[in-house]
Each structure stands twice: as structure tokens, then as C-alpha cells.
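Chemist:
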Amino acid sequence: MLTPLSEQELHQLAMNIVGKEMEELGYEFLSINSKPKKDPQFVALKDKFLHFVVVRAVTYPANPVHYDEKLLHMMRDHGKKYKARTYYAGVGLANSRNYEMPVHHQDDYVVNFAGLIEIK
1 MLTPLSEQEL HQLAMNIVGK EMEELGYEFL SINSKPKKDP QFVALKDKFL
51 HFVVVRAVTY PANPVHYDEK LLHMMRDHGK KYKARTYYAG VGLANSRNYE
101 MPVHHQDDYV VNFAGLIEIK
């Protein structure tokens with residue numbers, strides 16, 4: 001029987017994808033919070049600037065670049081207190097055999113990640 005990934009597992013997968021990308025871009029992690037909706041997920045330094053990154057796992061058919069503006073503007077305002085830049089990282093995940101099916105432990109998946117989106 002196929003077992004779909006839980007919300008926590010989808011979030012962990014998204015965190016791993018974003019974390020790897022940030023590592024490759026030269027970010028130094030100060031804090032990582034892997035709990036879904038406990039924001040920000042990453043607090044990092046790059047080029048002597050503080051960065052807050054909110055990560056969301058988004059399943060098909062939702063668009064991973066669309067975000068909760070109220071939440072992200074609240075995070076941006078919070079970040080300004082620390083002179084931090086705030087980013088949204090939406091990671092689209094879909095079952096590679098059939099986008100309409102949930103992502104399962106037994107199947108490959110497709111990733112739709114456009115990178116970090118700065119919230120200004």
C-alpha cells in the first residue's frame with residue numbers, strides 16, 4: 001500500500017531543498033526551525049547581512065510562488081527590527097507518476113522551486 005508523506009515529512013523535504021540551495025549560495029546558518037508554520041525556518045548570515053527565510057511545502061496544483069502576504073509582511077516587519085532581509089521559499093512538490101496523486105514514500109517526486117523570493 002502506498003503511504004503518502006505527512007505534512008511534517010513534506011515540510012522536511014522542502015527544508016532540505018531550500019537549505020541545500022542556501023548552502024550552495026554561501027549562507028551561514030545561525031538558526032534552523034523545522035516545525036511547520038513556526039517562522040522563520042532559517043535565520044542565516046550572508047555578506048554580513050541577516051536573512052530570515054520562511055519555507056513552505058506546496059502540493060500540486062497550488063502555485064509555490066504564491067504566498068500569504070499578510071504573514072510575510074508581518075515577518076518582513078519583524079525582520080526590519082533586526083536589520084534582516086526577509087525571503088519566502090515555496091517548494092512545489094508533486095508525484096512524478098501522476099501530479100494528481102499525493103507524494104508517496106514509494107514514488108519519485110517533482111520539485112518546483114523558483115529560489116528565494118525577497119519580501120520588500
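Oh and the sequence shown: position 57 is 57 in full-length UniProt numbering, straight run, nothing missing.
Glycine is no exception: its CB is placed at the ideal position from the N, C-alpha and C atoms.
Since this is a predicted model, take the numbers as computed values, not measurements.
#1: Could you name the residues that DSSP lists as bridge partners for residue 89?
#2: Do you know offhand how far residue 67's Cα is from residue 109's?
#3: Given 7 Å as the limit, tell me if residue 105 has its C-beta closer than that to any heavy atom belonging to the ligand HEM.
#4: Just the C-alpha distance for residue 99 and residue 93, rounded to the nearest angstrom, thanks.
#5: Cβ atoms of residue 44 and residue 14: under 8 Å apart, would you say?
Modeler: Put simply:
#1: 55
#2: 22 Å
#3: Ligands displayed in this structure: none; no statement on the ligand HEM is therefore possible.
#4: 9 Å
#5: no
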